[in-house]
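Structure first, commentary second.
2 protein chains.
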Amino acid sequence: MARVSPELSDTPAAGRPRDPVLEQAILEATVEVVVEKGFAAAKLDEIARRAGTGKAAIYRRWPGKTALVIAAAQNLRGNAPVPDRGSLREDLLACVRHYVSPSARAALMLANVLAEATRDGEVREAVTASIGRPPAEALRTVIERWIARGTVDPSVPVELVSLLVPSVAFHRVVLMHEGLDEATAVALVDDVLLPALEARRSS
Amino acid sequence: MARVSPELSDTPAAGRPRDPVLEQAILEATVEVVVEKGFAAAKLDEIARRAGTGKAAIYRRWPGKTALVIAAAQNLRGNAPVPDRGSLREDLLACVRHYVSPSARAALMLANVLAEATRDGEVREAVTASIGRPPAEALRTVIERWIARGTVDPSVPVELVSLLVPSVAFHRVVLMHEGLDEATAVALVDDVLLPALEARRSS
DNA sequence: ATCTTACGGGACTCGCGAGTACCGTATTGT
DNA sequence: ACAATACGGTACTCGCGAGTCCCGTAAGAT
């Protein structure tokens with residue numbers, strides 16, 4: 001017994017240790033296949049084959065498909081730096097562009113595919129937390145910073161506005177099968193975000 | 001032969017005709033179950049049971065699960081009237097509220113669940129066309145009308161702005177499992193749409 | 001040297017649900 | 001009356017993929 005999670009055991013593990021390289025290969029293959037085929041259609045056999053291993057190696061590490069996919073999602077948790085470029089517009093652009101870059105594209109594709117797993121609260125939570133939240137938080141932070149600096153009116157509904165960008169990105173990926181392009185990103189900033197943040201209708 | 005589509009046959013069908021009431025019952029049961037369980041987890045046995053019939057009656061009408069779900073989606077194709085209430089704000093509110101009403105909620109839930117079927121282009125197209133497109137078109141028409149009337153600047157990216165609302169609604173339903181509430185709808189109009197439509201930054 | 005565990009990989013069990021076949025019965029047109 | 005078809009319902013086939021088991025082998029620990 002104590003076969004699971006030997007890394008947590010007191011005894012530093014006797015015998016051959018698990019290959020950390022293989023660990024990473026499996027997680028990457030998982031993202032690859034899940035993005036390509038979808039959650040339901042992703043076969044563990046294929047994931048194993050692409051990782052150059054067998055299913056046994058997978059089940060030795062994770063209890064099942066769900067756990068594997070969650071781990072894979074968390075593994076590509078992206079950093080979402082809060083930009084500070086001196087102007088509101090530049091900061092917004094930097095945030096929105098986070099949804100345009102190729103790496104973010106992969107993350108969005110994963111999120112897309114995990115729309116399938118909507119019923120599985122555990123998966124949904126893990127994915128939105130590791131993929132969706134950080135960039136949205138960055139945008140919220142930026143807005144709040146410019147409120148503190150007096151550029152943006154404090155009465156804007158920050159939550160709603162900062163959710164606008166992820167919403168559009170998600171919508172485009174899931175329903176239209178296309179990512180956010182640069183032109184749309186700029187239009188989003190100039191024609192939607194800035195007007196919403198600047199124009200306080202006191203009239 | 002000529003067993004399929006007897007309604008298209010020259011001979012007006014000999015023998016017992018199909019029950020149109022049953023037809024409707026099956027379609028409604030399909031929506032019910034699919035919304036409740038998701039596309040993949042929706043079992044034809046359960047749909048048949050809830051419709052008070054057997055699987056045979058289903059396969060007598062549709063060739064398979066996919067076709068059935070498409071038919072069910074098209075069956076609840078909602079009308080999306082283009083409002084004309086005299087003010088831009090009122091028209092926008094009417095459009096956005098279309099995503100708040102309970103019937104629209106069901107439609108959105110269905111769309112949510114069909115995010116699962118993202119890989120199946122046929123299903124996706126059928127659903128977005130029958131559920132998603134009409135209300136979005138209504139919003140676009142409203143904006144274009146107020147452009148013609150001179151209230152809204154012609155340079156606003158109509159496509160982008162009118163896609164904002166469905167995006168937010170979809171995002172909320174799929175990822176947060178909650179519909180659009182009245183307060184959010186109003187905030188969307190007052191704090192996002194109106195600023196984007198009114199404020200043309202010429203400065 | 002030996003023990004222990006991981007490795008690739010093949011073969012297997014097992015549950016599930018779509019789709020099919022057929023029953024006896026009900027309902028229409030001719 | 002009779003033929004043709006739909007009806008509710010049950011039992012079946014069939015393919016698929018998650019998860020299990022076991023093999024011979026490779027590699028760190030003692």
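If you read the protein sequences in the order shown, they are chains U and R. For the first sequence, full-length UniProt numbering gives the first residue as 1, with consecutive numbering after it. For the second sequence, full-length UniProt numbering gives the first residue as 1, with consecutive numbering after it. All residues carry an ideal CB built from backbone N, CA and C; glycine is no exception.
Contact list for residue i against chain R, beta-carbon separation under 8 Å
i, result
"U:R119", "K37, G38 and A41"
"U:V192", "L160, V161, L164, V192 and A196"
"U:T184", "L160"
Under 9 Å from the C-beta of residue i: neighbouring residues of chain U
i, result
"R:T128", "L175 and M176"
Neighbour list for residue i in chain U, Cβ cutoff strictly below 7 Å
i, result
"R:A187", "P157 and L160"
Collapsed DSSP secondary structure at residue i in the structure displayed
i, result
"R:D19", "coil"
"R:W146", "helix"
"R:H171", "helix"
"U:T53", "coil"
"U:M1", "No answer about U:M1 holds up, because its pLDDT of 38 lies below 50 and its placement is not dependable."
"U:K43", "coil"
"U:A14", "coil"
"R:L197", "helix"
"U:P83", "coil"
"U:E7", "Any reading at U:E7 must be qualified, since the residue scores a pLDDT of 45, below 50, and its modelled position is unreliable; no value is offered."
"U:T141", "helix"
"U:S202", "For U:S202, the pLDDT reaches just 46, beneath the cut-off of 50, and the residue's location in the model is therefore unreliable, although a value from the coordinates is still provided. DSSP places U:S202 in coil when its eight states are reduced to three."
"U:T128", "helix"
"U:V31", "helix"
"U:S101", "coil"
"R:A106", "helix"
"U:G179", "coil"
"R:V96", "helix"
"U:L188", "helix"
"R:S162", "helix"
"U:R77", "coil"
"U:A48", "helix"
"R:A25", "helix"
"U:R133", "helix"
"U:L68", "helix"
Cross-chain neighbours of residue i in chain R, by beta carbon under 9 Å
i, result
"U:A115", "N112, A115, E116, T118, V174 and L175"
Under 8 Å by beta carbon: chain U residues contacting residue i
i, result
"R:P166", "H171"
Beta carbon of residue i nearer than 8 Å to that of residue j
i, j, result
"U:E116", "U:A51", "no"
"U:R77", "U:S130", "yes"
"R:A138", "U:V192", "no"
"U:V123", "U:I70", "yes"
"R:A126", "R:Q74", "yes"
"U:A80", "U:P166", "no"
"R:L188", "U:L22", "no"
"R:R119", "U:G15", "no"
"R:L164", "U:L164", "yes"
When the options are compared against residue i, the one with the closest alpha-carbon
i, options, result
"U:L108", "U:Q24, U:V168 and U:L93", "U:V168"
"U:I26", "U:I58, U:E178, U:G132 and U:D181", "U:I58"
"R:V82", "R:L193, R:W146 and R:V186", "R:W146"
"U:R18", "U:V158, U:R61 and U:T128", "U:R61"
"R:T30", "R:R16, R:G15 and R:T53", "R:T53"
"U:D190", "R:R119, R:A185 and R:S155", "R:S155"
"residue 208 of chain U", "U:R97, U:S87, U:L164 and U:N112", "Nothing can be reported for residue 208 of chain U: it is not among the residues displayed for chain U, which extend from 1 to 203."
"U:L114", "R:V174, R:Q24 and R:A183", "R:V174"
"R:T128", "U:A72, U:H171 and U:G121", "U:H171"
"U:H98", "U:T184, U:L194 and U:A72", "U:T184"
"U:A72", "U:P157, U:A111, U:A56 and U:D84", "U:A111"
"R:V33", "R:I47, R:V100 and R:G121", "R:I47"
"R:P157", "U:L164, U:V158 and U:V186", "U:V186"
Legend entry - the stretch 134-143 of chain U in contact with the stretch 134-150 of chain R per 3-pair CB rule at 8 Å: Taking 8 Å as the limit for Cβ pairs, the verdict is that the stretch 134-150 of chain R does not touch the stretch 134-143 of chain U.
Legend entry - Segment contact flag, the stretch 62-77 of chain U with the stretch 87-99 of chain U, C-beta cutoff 8 Å, min 3 pairs: The stretch 62-77 of chain U vs the stretch 87-99 of chain U: no contact.
Inset, instruction - Count the C-beta pairs between the stretch 98-105 of chain U and the stretch 174-191 of chain U that are closer than 8 Å, then say yes if the count reaches three, no if not. - result: A contact between stretches requires three or more CB pairs, one per stretch, nearer than 8 Å, and the stretch 98-105 of chain U meets this requirement with the stretch 174-191 of chain U.
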